[in-house]
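Q: My questions all concern the structure below.
There are 2 protein chains.
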Amino acid sequence: MAGIDNDLQLVKIARLYYELGYKQEQIAQIEKISKATVSRLLDKAHKEGIVEVKVVYPQLEVHELAEEIRERFNLKKACVVPVMIDHPDVIRDDLGRAVSNFLSEIIRDEDIIGVSWGTTLPFVVKNLSKINANNVIVTQLNGGVTKHYLSTQSAAIIEGFVNSLNAVPYMLPVPTIVDSVELATAISADSNVCKTLELSQKARIAVYGIGKAGFDSILVQAGYFQKEEYEKLLQAGAVGDICSRYFRIDGSIVDQELNQRTVGITLEELRNKEYSIAVANGEEKAKAVVGALKGKYVNTLFIDEVTAKKCLELIKSEE
Amino acid sequence: MAGIDNDLQLVKIARLYYELGYKQEQIAQIEKISKATVSRLLDKAHKEGIVEVKVVYPQLEVHELAEEIRERFNLKKACVVPVMIDHPDVIRDDLGRAVSNFLSEIIRDEDIIGVSWGTTLPFVVKNLSKINANNVIVTQLNGGVTKHYLSTQSAAIIEGFVNSLNAVPYMLPVPTIVDSVELATAISADSNVCKTLELSQKARIAVYGIGKAGFDSILVQAGYFQKEEYEKLLQAGAVGDICSRYFRIDGSIVDQELNQRTVGITLEELRNKEYSIAVANGEEKAKAVVGALKGKYVNTLFIDEVTAKKCLELIKSEE
DNA sequence: CTCTTCAGTGAAACTTTTTTCACATGTATA
DNA sequence: TATACATGTGAAAAAAGTTTCACTGAAGAG
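Sequences listed follow chains A and B, in order.
In terms of UniProt numbering, the numbers along the first sequence are unbroken and rise by one, the last being 319.
In terms of UniProt numbering, the numbers along the second sequence are unbroken and rise by one, the last being 319.
Below, the structure is given as structure tokens:
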């Protein structure tokens, strides 16, 4: 798309501006263009990733809250990031970084690591640094959201992991929920799908987000549910999902038939992972997080301060 | 110096500005300070390294010129970087990056790598990325410039290499040129100095700048030479120096007595290195570069386009 | 205790950057 | 060939960011 000539000029202008501190007007003279164009080209350089701005700061944690949650649910590890700025993107970025750091501590050669998709996972990928490991396999834990096979969202997440770990990907290019149990069985029997599912089962590490049950869920918006069907689900006590499998606040699975129509790793299987790593962000997800913890679908939790507090409140009010 | 509270606010403001794209005026409202202060704090965040701006671009090379130089002087490798922007800092940065990339290709476990100081070396250090190698030793090839033992310049360069390579440093905390041959011999006999010199001799890789002989040289300014002494040197044909040892355009050493009063690796020793890597930048250094190449003190050259052309001109005009 | 000094601040003046607007150029389409 | 349409430009207007300046309050000196 962008020619090399073009990019060279962008680089030149960016360097004159950011490395040498020239004013845009001086650059305009040098390049014989208007200062307006210089401004526009600098903007383009940002968008094309030629200019990178990074804010460097230590990873902070709220240890007391983390310890309380870890003990209460007998987790392997809990990490609570402080809410420095109350904005989802900022919090998710901090969570993503924390998860990423943790992964680079635990990943080793020959590992199989399963990942799902969601709103938080992209932030893990964004913060993933090159990790030195050999023969790692990345598997997709559950199908994509779009029904038209291969959602770009999940593909990008897997790709990020693959690049950072120098790994081999195993995708699950199927819908996450299908119309009948028979169809789900048939799909799972397909040799490619089956291979990925097997690897997901064997994975030592699984990383996924915790979803909140509600009409704003991606699954609803992607048309996986009729309105009445979803309402029934909510009335039956659904508070959240992991890999598109819905559970109640006590951790029990809501609808066994639905569960059987869902393709991908099961919640049972997650229980047995050495590392079942969940990331969650947002107060409204507190019930979902509590459900996930009570169901033991998670042994390593990454969560923000506000949500962590809300979770503890919920638990304490139950007692 | 800066309190943690203070830094936290800097980080917060930097993130609001660069990650969320808030205007300084909005941030001023949030933090209940004036927009002038926000501007000042952002400036401080830059200076403290909390905000990093990087221009990302591929490493470009002028292959034809490089090949011509490589062949003519029978070098192992020559790398000529294009002059995108005619400013010493920019060119040196490109050179530094090129050297740094090359080093990360060739460095291996148990290596000994000797480095000098100069105006170009800091740019190599700046661009050095973490290199995975074990038990590497970094030695200082020649004494610092200041006569007061331990020049910060060279210390910083060594430190950069040590950090990047996870290496152990061997410093040479002595003046580079002393008053008498006897003193030089005595200093070299000191057990610490001797150890470093030995390691420098054994080093598989040496990295250094090529200096130009002239009254603007750091050595002159540091008071190593009387004016008349230096004039004599120039009249005797000195065009440049490597590790404070002066040579003519044909590569011959200018003053044997001075050479013997110089502490550090000898030019002879550089000739036998597996990798004798020189970096040079600036048209005015062309003669010095030609001398270094003719003397075979270099087998791997990193140079900018303009200087490379000038060198070839010089050689061709001699023929 | 008073005076001086100094770092830090906001308001306002100033500079720099971005956006708007009108126009030009080239390209695809009828 | 004419016509719509997108793309890119500079001049000027508008917005955003920086610097100057005068003032404040705190720390140290007398």
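Just so it is clear, CB atoms sit at the ideal spot from N, CA and C, and this is done for glycine as well.
Measuring alpha carbon to alpha carbon, tell me which of A:89, A:161, A:261, A:13 ends up nearest residue 321 (chain B).
A: Outside the shown range of chain B (1 to 319) lies residue 321 (chain B), about which nothing can therefore be said.
Q: Can you tell me where the beta strand (DSSP E) holding residue 169 (chain B) begins and where it ends?
A: The residue you call residue 169 (chain B) lines up with position 169 of the second sequence. Residues 168-170.
Q: Taking residue 49 (chain B) as the query, report the chain A residues whose CB atoms sit under 8 Å from its CB, ordered along the chain.
A: The count along the second sequence starts at 1 and reaches residue 49 (chain B) at position 49. Simply 56.
Q: Looking at chain B, is there any beta carbon in it that lies within less than 8 Å of the beta carbon of residue 133 (chain A)?
A: Indexing the first sequence from 1 puts residue 133 (chain A) at position 133. Output row for residue 133 (chain A): interface = no.
Q: Just checking: is the beta-carbon of residue 320 (chain A) within a distance shorter than 8 Å of some beta-carbon in chain B?
A: The displayed coordinates of chain A run from 1 to 319. Any statement about residue 320 (chain A) would go beyond what the structure contains.
Q: Check whether the Cβ atoms of residue 142 (chain A) and residue 116 (chain A) lie closer than 8 Å to each other.
A: Reading the first sequence from its first residue, position 142 is the one you call residue 142 (chain A). Reading the first sequence from its first residue, position 116 is the one you call residue 116 (chain A). Cβ atoms of residue 142 (chain A) and residue 116 (chain A): closer than 8 Å.
Q: In chain B, which residues lie with their C-beta within 7 Å of the C-beta of residue 334 (chain A)?
A: Outside the displayed span of chain A (1 to 319) sits residue 334 (chain A), for which this structure offers no information.
Q: Would you call the region 219-231 of chain B in contact with the region 259-271 of chain B, where contact means no fewer than 3 C-beta pairs closer than 8 Å?
A: Touching, no, given that fewer than three Cβ pairs across the two stretches are closer than 8 Å.
Q: How long is the line joining the alpha carbons of residue 86 (chain A) and residue 244 (chain A), rounded to whole angstroms?
A: Translated into positions along the first sequence, residue 86 (chain A) becomes position 86. Translated into positions along the first sequence, residue 244 (chain A) becomes position 244. About 27 Å.
Q: Between residue 55 (chain B) and residue 119 (chain B), what straight-line distance do the alpha-carbon atoms span, to the nearest angstrom?
A: Here residue 55 (chain B) corresponds to residue number 55 of the second sequence, with the count starting at 1. Here residue 119 (chain B) corresponds to residue number 119 of the second sequence, with the count starting at 1. The straight-line gap from Cα to Cα measures roughly 22 Å.
Q: Can you name the start and end residues of the beta strand (DSSP E) that residue 140 (chain B) belongs to?
A: Here residue 140 (chain B) is taken as the residue at index 140 of the second sequence, counted from 1. First-last of the beta strand (DSSP E) with residue 140 (chain B): 137-140.
Q: Give a yes or no on whether the minimum CB-CB distance between residue 103 (chain A) and chain B is below 8 Å.
A: In the first sequence, counting from the first residue as 1, residue 103 (chain A) sits at position 103. Taking Cβ atoms only, chain B never reaches closer than 8 Å to residue 103 (chain A), which makes this a no.
Q: Identify each residue in the region 62-91 of chain B for which the Cβ-Cβ distance to at least one residue of chain A is less than 8 Å, and report them in chain order.
A: Answer set for the region 62-91 of chain B: 84, 85, 87, 89, 90.
Q: For residue 210 (chain B), collect the residues of the same chain with a Cβ closer than 7 Å to its Cβ; drop the 5 residues on either side in sequence, then sort them by chain order.
A: As a working note, residue 210 (chain B) is residue 210 in the second sequence. Closer than 7 Å at Cβ, skipping near neighbours: 240, 242, 278, 280, 285, 288, 289, 292.
Q: In angstroms with no decimal places, state the Cα-to-Cα distance between residue 173 (chain A) and residue 130 (chain B).
A: Taking the first residue of the first sequence as position 1, residue 173 (chain A) is located at position 173. Taking the first residue of the second sequence as position 1, residue 130 (chain B) is located at position 130. Roughly 37 Å between the two C-alpha positions.
Q: With 8 Å set as the bound, which would you pick, yes or no: does the beta-carbon of residue 18 (chain A) sit closer than that to a beta-carbon of chain B?
A: Residue mapping note: residue 18 (chain A) aligns to position 18 of the first sequence, counting from 1. Interface residue, yes.
Q: Secondary structure at residue 90 (chain B), three-state DSSP: helix, strand or coil?
A: What you label residue 90 (chain B) is simply residue 90 of the second sequence in a count that begins at 1. Helix, per DSSP.
Q: Checking 8 Å against the spacing of the C-beta atoms, do residue 19 (chain B) and residue 90 (chain A) come in under that value?
A: One-based indexing of the second sequence puts residue 19 (chain B) at position 19. One-based indexing of the first sequence puts residue 90 (chain A) at position 90. Their beta carbons are under 8 Å apart, which means residue 19 (chain B) touches residue 90 (chain A) by this criterion.
Q: Could you give the residue range of the beta strand (DSSP E) that holds residue 77 (chain A)?
A: Residue mapping note: residue 77 (chain A) aligns to position 77 of the first sequence, counting from 1. Element bounds for residue 77 (chain A): 77-81.
Q: What residue range is occupied by the uninterrupted alpha helix (DSSP H) comprising residue 115 (chain B)?
A: As a working mapping, residue 115 (chain B) is identified with position 115 in the second sequence. Residue 115 (chain B) -> not in any alpha helix (DSSP H); beta strand (DSSP E) instead, spanning 112-115.
Q: Can you pull the DSSP bridge partners for residue 276 (chain A)?
A: Walking along the first sequence from the start, residue 276 (chain A) turns up at place 276. A:206.
Q: So within the region 191-272 of chain B, which uninterrupted beta strand (DSSP E) runs reach at least 3 residues, ignoring any that extend past its ends?
A: DSSP runs (the beta strand (DSSP E)) wholly in the region 191-272 of chain B: 205-209, 240-242, 245-247.
Q: Between the region 23-42 of chain A and chain B, which residues of the former have a C-beta closer than 8 Å to a C-beta of the latter?
A: Going along the region 23-42 of chain A in chain order, one finds no residue with a Cβ nearer than 8 Å to chain B.
Q: Note down, in chain order, every chain B residue with its Cβ under 9 Å from the Cβ of residue 305 (chain A).
A: For this step, residue 305 (chain A) is matched to residue 305 along the first sequence. None at all; the shortest Cβ gap to chain B is about 14 Å.
Q: Listed from N- to C-terminal order along the chain, which residues in the region 117-142 of chain A have their beta-carbon within a distance smaller than 8 Å of any beta-carbon of chain B?
A: Under the 8 Å Cβ criterion, the region 117-142 of chain A contributes 132.
Q: Are the C-beta of residue 289 (chain B) and some C-beta of chain A separated by less than 8 Å?
A: Stepping through the second sequence from its first residue, residue 289 (chain B) is reached at position 289. Cβ-Cβ to chain A under 8 Å: no for residue 289 (chain B).
Q: Could you check where the beta strand (DSSP E) with residue 51 (chain B) kicks off and where it finishes?
A: As a working note, residue 51 (chain B) is residue 51 in the second sequence. Here the beta strand (DSSP E) through residue 51 (chain B) covers 51-55.
Q: What does the Cβ neighbour count give for residue 200 (chain A), buried or exposed, with the cut at 16 atoms within 10 Å?
A: Numbered from its first residue, the first sequence carries residue 200 (chain A) at position 200. Buried is the call here.
Q: Starting from residue 73 (chain B), trace the beta strand (DSSP E) in both directions and tell me its first and last residue.
A: Taking the second sequence and counting its residues from 1, the one referred to as residue 73 (chain B) is at position 73. Run containing residue 73 (chain B): none; DSSP gives neither H nor E here.
Q: Answer with buried or exposed for residue 305 (chain A), where buried requires no fewer than 16 other C-beta atoms within 10 angstroms of its C-beta.
A: Position 305 of the first sequence, counting from 1, holds the residue named residue 305 (chain A). Burial call: buried.
Q: With residue 112 (chain B) and residue 140 (chain B) assumed to form a contact (beta carbons below 8 Å), what rounded beta-carbon distance in angstroms separates them?
A: The residue given as residue 112 (chain B) occupies position 112 in the second sequence. The residue given as residue 140 (chain B) occupies position 140 in the second sequence. That belief does not hold up - the Cβ atoms of residue 112 (chain B) and residue 140 (chain B) are roughly 12 Å apart, past 8 Å.
Q: Quick check: the Cα distance between residue 315 (chain B) and residue 186 (chain B), rounded to an integer number of angstroms?
A: The residue labelled residue 315 (chain B) in the question sits at position 315 within the second sequence. The residue labelled residue 186 (chain B) in the question sits at position 186 within the second sequence. Between residue 315 (chain B) and residue 186 (chain B), the C-alpha separation is close to 41 Å.
Q: Going along chain A in order, which residues have a C-beta closer than 9 Å to the C-beta of residue 52 (chain B)?
A: As a working mapping, residue 52 (chain B) is identified with position 52 in the second sequence. Neighbours of residue 52 (chain B) on chain A, chain order: 52, 53, 54, 55, 56.
Q: For chain A, is any of its Cβ atoms less than 8 Å away from the one on residue 99 (chain B)?
A: Walking along the second sequence from the start, residue 99 (chain B) turns up at place 99. Chain A contact via Cβ: absent.
Q: Could you have a look at residue 20 (chain B) and say whether DSSP puts it in helix, strand or coil?
A: Stepping through the second sequence from its first residue, residue 20 (chain B) is reached at position 20. Coil.
Q: What does residue 300 (chain B) pair with, by DSSP beta-bridge criteria?
A: To locate residue 300 (chain B), count along the second sequence from 1; it is residue 300. DSSP, once it has assigned bridges, lists B:77, B:277 as partnering residue 300 (chain B).
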